[in-house]
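The numbering of the sequence shown is full-length UniProt numbering, which starts it at 1 and goes up by one. Idealized CB from N, CA, C, for every residue including glycine. The next block holds one structure in the form of structure tokens; read it before the comments.
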Amino acid sequence: MPTPPHRKISQRACDFCAITESSTTHLLRCSGCQASYYCDKIHQAADRPRHKTGCKAVKKARDTYESEDQKLRNFQGDIMTPSHPFENCIGHFWGVLETRDYMRARYNFVDTIMQVFGATGGRIDVVRSSLEHLLDMLRLCRGDNMGVRDVVPGLYIRLGRDQEAYDFLKWWGTTAKEDTYDWGDTESSYLDVKDADALEEPVEGWKGKWIDLSHAVAVVLIKVRILIDLQAAQNTTRALHGTIPQEIIDLIRDEIGSSGIVGSRPDILRGDTEKLASVVETIKAQIKELYKGINEYCPDFWPMFLGNPQAAANQRPVLLRGSRQLELSIR
């Protein structure tokens, strides 16, 4: 399936001429895949030879998902299963046999549309809607028998929502690891970590002997982005110190924050240079520890990921969940 040529996530634009949508430019959505947009019918027709293969694949996956969705909504129940699963089985999907075809079809739709339109250079609309699908699947199936939790953090990060990614990772790395956590109790806390300190020491599940690889890598990416922002703040102070008032330097440093996390920490951004330097060294040490742990757990990961990041991101898993070769194929 074709994937977009650019590395960065892309805004909504005409797939043929790349003009972006604005208050004066209204784009038409493809009725097949419902993911591509065009200036007009002429551009849509011109792009059809390139577009049709991926479009058909997405439409087929969507049709199957919608069919299973309707089938499940029409399910009248039986001696073992209550009717209206979307109301009566929330949190327990997959454990209810009648929901499994639906869950498979929904995940396959997300996986297909991400391959075609949401891979490296993919569209922001697709990445955002895919994240919403996966989060709703977790709402329906708390135990996450399908492992969609491995995909979610990367989508958060691609959307620039690093704090939400870290909160998600922190819950799975702490509460979900507790032996006493009752997965069957839908009244118990679930994905309720908010504004966790992403500068803190990594939890054991990200650096121990047996790690959650996709989650550990996501934490590394978040901390690297934090480090870049902290170093930018350091460089701003060094470059401007003595040339303009400190108040102006503080305002400039407040605007720093590709991760969004550092920008929300004025206590660090406006702290003295010694404190900032100390935080930088702490984050560096954490990244090194995580890097080493991942390398010991899966020696093939970093050479593949750093050698050809785009190919690594697009590689498809081929083995059963739980094997290290499968875990190499992160999104």
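Please report how far the alpha carbon of E201 lies from the alpha carbon of I157, in whole angstroms. 19 Å
Counting Cβ pairs closer than 8 Å, one from the segment 91-105 and one from the segment 12-28, do we hit at least three? no
At 4 residues or longer, what runs of the alpha helix (DSSP H) sit wholly inside the segment 10-41? none
As assigned by DSSP and simplified to three states, the class of R123: strand
Going by Cα to Cα distance, which pick from T186, A61 and V127 is closest to T112? A61
C55 - DSSP class collapsed to helix/strand/coil: helix
Compute the Euclidean distance between the alpha carbons of V96 and H84, then round it to the nearest angstrom. 12 Å
State the Cα-Cα distance for the pair N145 and S214, rounded to the nearest angstrom. So the two alpha carbons sit approximately 16 Å from each other.
Taking C-alpha atoms, which residue in H51, K292, R149 and G160 lies nearest to K209? K292
CA-CA distance, N308 and V203? 28 Å
Could you check whether the segment 52-67 touches the segment 106-120, counting it as contact only if at least three pairs of C-beta atoms, one from each stretch, sit closer than 8 Å? Judged by pairs of C-beta atoms under 8 Å, the segment 52-67 touches the segment 106-120, as three or more such pairs exist.
The segment 148-166 / the segment 119-131 touching (three or more Cβ pairs under 8 Å): yes
If I'm right that V280 touches L230 with Cβ under 8 Å, what's the distance once you round it to whole angstroms? 5 Å
DSSP-derived helix/strand/coil call for F117: Reduced to three states, the DSSP call for F117 is helix.
What's the call for D179, buried or exposed, on a 16-neighbour Cβ count within 10 Å? exposed
By Cβ distance below 8 Å, which residues in the same chain neighbour Y181 in space, the five residues on each side in sequence not counted? T175 and S188
Distance check for K41 and V217, CA to CA, integer angstroms please. 43 Å
Taking only the alpha-carbon atoms, compute the straight-line gap between L27 and S36 and give it to the nearest angstrom. 9 Å
According to DSSP, is H84 part of a helix, a strand, or is it coil? coil
Inspect the beta-carbon positions of V220 and L290 and report whether they are closer than 7 Å. yes
Taking just the CA atoms, how far does P245 sit from D185? 56 Å
Alpha carbon to alpha carbon, what distance is there between A45 and D167? 44 Å
With 16 as the cutoff for other CB atoms within 10 Å, does R48 come out buried or exposed? exposed
Could you compute how far the alpha carbon of P82 sits from the alpha carbon of R139? 18 Å
Would you kindly report the start and end of the unbroken alpha helix (DSSP H) that includes S189? That residue, S189, is in no alpha helix (DSSP H); it is neither H nor E in DSSP.
With 16 other CB atoms within 10 Å as the buried threshold, where does Q163 fall? buried
Spatial neighbours of V127 within its chain, please: C-beta separation below 8 Å, excluding the five flanking residues on both sides. I9, M114, G118, L155, R158 and L159
With DSSP as the reference, identify every bridge partner of H92, one or two as the case may be. The partner list for H92 (beta bridge, DSSP) reads C141.
Anticipated Cβ contact below 8 Å, R12 with R161, distance rounded: Wrong, their Cβ atoms sit about 18 Å apart, outside the cutoff.
Pick from G143, I228, W183 and G77: whose alpha carbon is nearest that of L276? I228
CB of Y65 within 7 Å of CB of R106, strictly: yes
Sorted by chain position, which residues of the same chain lie with C-beta nearer than 6 Å to G32's C-beta, five sequence neighbours on each side aside? C55 and K59
Pairwise C-alpha distance: P303 and I261: 28 Å
Alpha-carbon to alpha-carbon, E87 and G205: 34 Å
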